[in-house]
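Here the structure is laid out as structure tokens; the discussion comes afterwards.
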Amino acid sequence: SDAGGAYASRCAPLLIAIAWLHAFVGPIVGVQDLGSSNMYGNLRLHGGSNHYLTPTNVLRLSGDTVRIESSTSQVLNSLYPGEISSVFTLRATRVLTQANHTGRQFNFAMGRVLGAWALPPPPRGGLGDAFVPYTVPALELRRMLSEARAAGEAFSLVYTVLDGAFGDEEWRGSSEGKRKVRVSEDPTRGSAECVVLSAGGEACGVDDLPKMPPLSVWEKALGVWNPVPILPGGHPELHCFGP
């Protein structure tokens with residue numbers, strides 16, 4: 099009908115604009131990661147871009163890049179970095195490694211969207227028993243700490259704030275960083291400790307991430323950021339971290 103055609107002609111430009119903003123603007127300016135159209139592109143949205151043409155996270159509203167060195171939190175480890183390699187058969191792993199792949203795969207987004215129950219248990223034996231370091235923006239680490247505290251579990255976590263805003267895979271994996279911190283909390287004993295390991299164990303300041311307040315409404319609105327794993331071997335390319 100004429101009315102339907104007129105309605106479509108008015109709505110079509112708006113829908114196209116929304117789709118364009120979702121596909122291109124969000125990841126580039128740095129207000130969208132999980133749920134954006136970068137799912138199958140393995141596009142790095144923190145710590146520098148691996149895109150041939152465009153930068154990512156230009157506004158850097160998510161803060162510094164942080165490398166998680168270790169974590170004993172069951173809540174966090176069940177989601178981050180989201181390894182699903184244990185579902186691979188030996189044949190599948192062999193085919194991947196023959197193709198110069200690590201034979202390991204990650205899918206944090208599935209666990210974050212559906213729940214940790216959707217992720218398989220981590221692989222056992224060999225490297226599968228070792229903690230897999232990963233990087234996230236500072237904003238995401240603050241979200242992680244809030245979730246571990248809300249679970250009421252005892253945990254210890256060590257992280258390093260990397261130096262500089264951007265870098266390559268070597269920088270992401272081995273940079274000494276500008277600040278290394280350990281936070282240990284046990285609500286059952288009423289204990290909470292935060293120390294700066296890179297400063298001789300001095301107490302954390304109010305600007306250190308564990309001491310910062312919970313995320314504000316606008317910070318939560320920035321969305322959830324994918325953890326990017328760091329595997330041994332020093333490969334120059336970003337390891338696949340999505341579906």
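Just add 98 to the spot in the sequence shown (first one is 1) and you have my numbering.
By construction, the Cβ of each residue, glycine as well, lies at the ideal position given by its N, Cα and C atoms.
Quick caveat, the model's predicted, so the values are computed rather than measured.
(message) Going by the DSSP bridge assignment, what does Cys292 pair with across the sheet?
(response) Beta-bridge pairing links Cys292 to Val281.
(message) Quick check on the burial criterion: 16 or more other C-beta atoms within 10 angstroms. Buried or exposed for Tyr257?
(response) The residue is buried, with at least 16 neighbouring Cβ atoms inside 10 Å.
(request) For Leu157, name the three-state secondary structure that DSSP assigns. (result) Note: Leu157 maps to coil in three-state DSSP.
(message) Short of 8 Å in beta carbon distance, which residues of its chain neighbour Asp266, apart from the five on each side in sequence? Order them along the chain.
(response) Same-chain partners within the cutoff: Gly146, Pro334.
(request) Reducing DSSP to helix, strand and coil, say where Ser169 ends up. (result) If DSSP states are grouped into helix, strand and coil, Ser169 belongs with the strands.
(message) Please classify Ser314 as buried or exposed, where buried requires at least 16 neighbouring CB atoms within 10 angstroms.
(response) Classification for Ser314: exposed.
(message) Residues in the same chain with beta-carbon distance under 6 Å from Lys278, minus the five sequence neighbours each way, listed in chain order, please.
(response) Excluding the 5 residues flanking it on each side, Lys278 has same chain C-beta neighbours closer than 6 Å at Thr258, Leu295, Ser296, in chain order.
(request) Give a yes or no on whether the C-beta atoms belonging to Ala246 and Ser171 are separated by under 7 Å. (result) Result yes, Cβ atoms of Ala246 and Ser171 sit closer than 7 Å.
(message) My output table needs one value for Phe206: the three-state DSSP class, helix, strand or coil.
(response) Here DSSP, grouped into helix, strand and coil, assigns Phe206 to helix.
(request) With a 10 Å radius around its C-beta and 16 neighbouring C-beta atoms as the bar for buried, classify Cys302 as buried or exposed. (result) With 16 or more other Cβ atoms within 10 Å, it is buried.
(request) With DSSP collapsed to three states, give me the class of Glu245. (result) Residue state, collapsed to three classes: helix.
(message) Within a Cβ cutoff of 6 Å, which residues of the same chain sit near Asp284, ignoring the five residues on either side of it in sequence?
(response) The answer, listed in chain order, is Ala252.
(request) Count the other C-beta atoms from every protein chain shown that fall within 10 angstroms of the C-beta of Ser134, then say buried if there are 16 or more, exposed otherwise. (result) With at least 16 other beta carbons inside 10 angstroms of its own, Ser134 counts as buried.
(request) On a CA-only basis, which of Ala117, Arg287, Leu113, Thr163 is nearest Pro327? Give me that one, please. (result) Distances from the CA of Pro327 to each of Ala117, Arg287, Leu113, Thr163 were compared; the closest alpha carbon is that of Thr163.
(request) Identify which residue in Trp269, Gly340, Ile182, Pro308 has its Cα closest to the Cα of Ser244. (result) The candidate whose alpha carbon is nearest that of Ser244 is Pro308.
(request) Quick one: measure Cβ to Cβ for Leu255 and Val281, integer angstroms, because I've assumed they're closer than 8 Å. (result) Separation of the CB atoms of Leu255 and Val281 is rounded to 5 Å, and the pair is thereby assigned contact status at 8 Å.
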